[in-house]
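Each remark here refers to the structure printed beneath this line.
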Amino acid sequence: MGTHLFNAMRPIDRREPGPVIALLEDSSVTVELITDGVHLDPAIYRHVTRSAGPDRVSLITDAMAATGMSDGRYLLGPVQVDVVDGVAFVGGTDTIAGSTATMDRVVRFAVAHCGLPRDEALQLAVRQASLNPARALGLPCDGLIPGAAADLVVLDADLTVSAVMRRGVWEPESVA
1 MGTHLFNAMR PIDRREPGPV IALLEDSSVT VELITDGVHL DPAIYRHVTR
51 SAGPDRVSLI TDAMAATGMS DGRYLLGPVQ VDVVDGVAFV GGTDTIAGST
101 ATMDRVVRFA VAHCGLPRDE ALQLAVRQAS LNPARALGLP CDGLIPGAAA
151 DLVVLDADLT VSAVMRRGVW EPESVA
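No gaps in the numbering here: position 29 of the sequence shown is 29 in UniProt numbering, and each next residue is one more.
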């Protein structure tokens, strides 16, 4: 697993390609991308999906404790974090501290920026946010089977979470 490709990694250089190229060239590696609209340019997402192949890309949030917090300054463990316009920075700097994205947000970003028609884009993003990470972790990927305990997230037309099923039971607060 190549964790949050491009972030906190040495950049690509023409003479020393570094970890990004090594991870992309290794067909046994699934690479993770933080598709939150902050960490990576949309062109990076498209390029990595094309070069690694759609089944080797996993979408991740890299979400930190500031996720869901309003703008302001927070002490998260020993680190001061400033949330400005929904983006978390190391206190008093312009260094990204982590992501405040949720999975529905990274899926929306991928759908909007992958360059495919919406139906194909949605299928790709959902696979990259669910099946690909599960396979990379060696988890069972049997699909929806009658009698099995299912974990499901239902998205509305705007790709916002509208309902959640955990181990076969609808979460009451998520079902309208």
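Yeah, the Cβ is synthetic: ideal placement off N, Cα and C, and Gly gets one too. As the structure is a computational prediction, the values presented were derived from the model and not from experiment.
Where residue i sits in the DSSP three-state scheme
i, result
"glutamate 32", "strand"
"valine 53", "According to the sequence shown, residue 53 is glycine rather than valine. Looking at glycine 53 - three-state DSSP - the assignment turns out to be coil, as it is neither helix nor strand."
"isoleucine 145", "coil"
"isoleucine 12", "coil"
"valine 38", "coil"
"residue 190", "Nothing can be reported for residue 190: it is not among the residues displayed for the chain, which extend from 1 to 176."
"serine 134", "Sequence inspection shows alanine at residue 134; the serine mentioned does not correspond to that position. Alanine 134 falls in the helix class under three-state DSSP."
"alanine 157", "coil"
"alanine 66", "coil"
"alanine 150", "coil"
First through last residue of the alpha helix (DSSP H) which encompasses residue i
i, result
"valine 107", "103–113"
"glycine 18", "18–25"
Beta strand (DSSP E) segment containing residue i, residue limits
i, result
"arginine 118", "Counting along the chain, arginine 118 falls outside any beta strand (DSSP E), though it belongs to the alpha helix (DSSP H) covering 118–129."
"glycine 72", "72–76"
"alanine 89", "A quick correction: the sequence has phenylalanine, not alanine, at residue 89. Segment 87–90, the beta strand (DSSP E) holding phenylalanine 89."
"glycine 2", "Looking at the DSSP string, glycine 2 is not in any beta strand (DSSP E), and its letter there is neither H nor E."
Contact check, residue i vs residue j, beta carbons under 8 angstroms
i, j, result
"valine 20", "leucine 33", "no"
"alanine 121", "valine 106", "no"
"glycine 2", "valine 29", "yes"
"leucine 144", "methionine 165", "no"
"valine 90", "valine 83", "no"
"threonine 102", "alanine 66", "no"
Residue from the options whose Cα sits closest to the Cα of residue i
i, options, result
"isoleucine 96", "Phe109, Ala65 and Val81", "Val81"
"aspartate 26", "Ala101, Asp156, Ile44 and Ala52", "Ala52"
"leucine 116", "Val161, Pro146, Ala43 and Gly92", "Ala43"
"aspartate 85", "Gly77, Met69, Pro78 and Arg50", "Met69"
"aspartate 119", "Ala134, Leu159, Gly138 and Gly98", "Leu159"
"proline 146", "Asp156, Ala157 and Arg167", "Arg167"
"aspartate 104", "Pro172, Gly98, Leu5 and Ala157", "Ala157"
"alanine 149", "Val169, Gly138 and Pro140", "Val169"
"valine 87", "Ala22, Met64, His113 and Leu139", "Met64"
**Asked** Does the count of Cβ pairs from the segment 126–136 and the segment 58–76 closer than 8 angstroms reach three?
**Response** yes
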